[in-house]
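In terms of the working numbering, the sequence shown is residues 987 to 1248. Glycine included, each C-beta is placed from N, C-alpha and C at the ideal position. Note that the structure is a prediction, hence the values are computed from the model and not measured. Report on the following structure.
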Amino acid sequence: MAIQAVHVPESLDGVVACSARGGQVMGGGTVVMPLVNSGSAAVTELVSLRRAGLGGVEVSDGVATIGAAATLTAVGEHPGLAFLRPALRTIASPTIRNQATVGGNLFVAQPYGDLAVCLLALDATCEIAGPAGRRDAPVADVLAAGIATGEVVVAVRVTLPEPGAWHYHKAMRRRLNSAAIVTVASVTSAGVCRIALGGLAPRPVRAVSAERLLSGRPLTPESLAEASEAARADIDPFDDAYASAWYRARVLPVHLRRALLP
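Encoded structure:
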């Protein structure tokens, strides 16, 4: 299907209006343009966020507000989000990170979209705009069900984790610039245990079985061994060019332990 028009609105209202008419919203183009170039994009109009003013990154009073059009590079360069830098450096190449956006990362099929895994572990909230107005939604809901036709993710809000509470580990075929075999992101502190997994289902998922076993318990080799095995109940692994479903499930316990006991 050929693209007939590319809209570059200069306001959020303009983006929503174009999206409501059936246009495909595009941030950096790293997801959409390969589909367009291959002829598999089922749209005739693109809506660019480039001039819509959604690229800001702000951190205040322990909460980060990240615009949907903010690039992965911009997120990594913000001093208030330094804890995310090791995770961001595992995503693609610097050239891609200069283009890829936070909003776009929410809609990337696994085994890509490692920032979405991080946002799930951080229990982020998405700010969404649409023809009916604005609303907030947990990032878990957006990852699981997407958003309605005509709606646009405006920003994500994240409460910064306490020092020492953030954990991230990614297993991949190459040291850098490779899709995930297994990605683990977690926030674990007193009274909080959230573990998000990538590479193990079509979308990022929470390891709720592991969280339940670790709740209120110290992170020890013994407790993590039990929780890592339990996490297999929360996944829906798949075969691809990077690994088989069997292998992904087989190595999950190893990488979950490595994430939480580095």
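{"query": "Runs of beta strand (DSSP E) lying entirely within the region 1108-1193, each at least 3 residues, in chain order", "result": "1111-1116, 1119-1124, 1138-1145, 1152-1158, 1166-1175, 1178-1184"}
{"query": "Close Cβ partners of Leu1252 (< 6 Å) along its chain, the five nearest in sequence each way excluded", "result": "Nothing can be reported for residue 1252: it is not among the residues displayed for the chain, which extend from 987 to 1248."}
{"query": "Three-state secondary structure assigned by DSSP to Leu1032", "result": "strand"}
{"query": "Beta-carbon spacing of Ile1133, Leu1183 below 8 Å", "result": "no"}
{"query": "Alpha-carbon spacing of Val992 relative to Leu1032, whole angstroms", "result": "5 Å"}
{"query": "Rounded C-alpha distance that separates Cys1179 from Ser1214", "result": "14 Å"}
{"query": "Sequence-distant residues of the same chain with beta carbon closer than 6 Å to Thr947, five excluded per side", "result": "Because the chain spans 987 through 1248 in this model, residue 947 falls outside it and cannot be assessed."}
{"query": "The region 1183-1203 contacting the region 1158-1171, beta-carbon criterion three pairs below 8 Å", "result": "yes"}
{"query": "Val1237 (DSSP reduced to helix, strand or coil)", "result": "helix"}
{"query": "Per-residue DSSP class, three states only, for Ala1229", "result": "coil"}
{"query": "Expected contact under 8 Å - CB spacing of Val1094 and Cys1112 to nearest Å", "result": "In fact, because the Cβ distance is near 15 Å, the residues do not count as touching under 8 Å."}
{"query": "Range of the contiguous beta strand (DSSP E) that encloses Ala991", "result": "991-993"}
{"query": "Where Val1043 sits in the DSSP three-state scheme", "result": "strand"}
{"query": "Residues near Pro1072 by beta carbon distance below 8 Å, same chain, minus five either side", "result": "Tyr1154"}
{"query": "Cutoff 6 Å; reference Phe1099; Cβ partners in own chain excluding five residues on either side", "result": "The question names Phe, yet the displayed sequence has Gly at residue 1099. Taken in chain order, the residues that qualify are Asn1091."}
{"query": "Whole-Å CB distance - Leu1105 paired with Val1144, under 8 Å assumed", "result": "7 Å"}
{"query": "Cα-Cα separation, Pro1207 to Ala1216", "result": "14 Å"}
{"query": "Alpha-carbon to alpha-carbon, Gly1042 and Gly1000", "result": "18 Å"}
{"query": "Selected residue, minimal CA-CA separation from Ala1102, among Pro1080, Gly1066, Ala1130", "result": "Ala1130"}
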